[in-house]
Amino acid sequence: MLMTSKSPFDYQGLSVQVTQGFTTSHADDNNNNLYSKYNIRYAKAFNDKFAIKVNFAYDMANDWIAND
Numbered sequence: 069m070l071m072t073s074k075s076p077f078d079y080q081g082l083s084v085q086v087t088q089g090f091t092t093s094h095a096d097d098n099n100n101n102l103y104s105k106y107n108i109r110y111a112k113a114f115n116d117k118f119a120i121k122v123n124f125a126y127d128m129a130n131d132w133i134a135n136d
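See the structure below:
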C-alpha cells in the first residue's frame, strides 16, 4: 500500500473536515442510516528541518444490519 500525505513543512496550521451522508438498508424498518466522518489535522514547522503533524479521525456508521 502506498500512502502519501501532506507535508507539515508546506501545509501548516489547522484543518477540519466533516463528511456526512446516508447508507441504505432494506433489512430494518428504518431504510436510511446516518454515516458521519470527522477529521482534524494540525501541522507546525519549527525550522527548516523539524516539523510535527497530528491527525485525528472519527467514523460513525450503521452497516450490515441482518434480518435473519
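Following my numbering, the numbering of the sequence shown begins with 69 at its first residue and continues without gaps.
Note that beta-carbon positions come from the ideal geometry of N, C-alpha and C, so glycine has one too.
Would residue i pass as a contact of residue j if the rule is Cβ separation under 8 Å?
| i | j | result |
| --- | --- | --- |
| Q80 | K112 | yes |
| Y106 | F90 | no |
| F77 | A125 | no |
Between the C-alpha atoms of residue i and residue j, what's the straight-line distance to the nearest angstrom?
| i | j | result |
| --- | --- | --- |
| K121 | Y110 | 6 Å |
| N99 | A129 | 13 Å |
| L70 | I108 | 22 Å |
| K74 | D116 | 16 Å |
| N101 | L82 | 30 Å |
| N123 | S93 | 31 Å |
Compute the minimum distance between the beta carbon of residue i and the heavy atoms of the ligand MG, and state whether it is under 7 Å.
| i | result |
| --- | --- |
| T91 | You won't find the ligand MG in this model; it holds no ligand whatsoever. |
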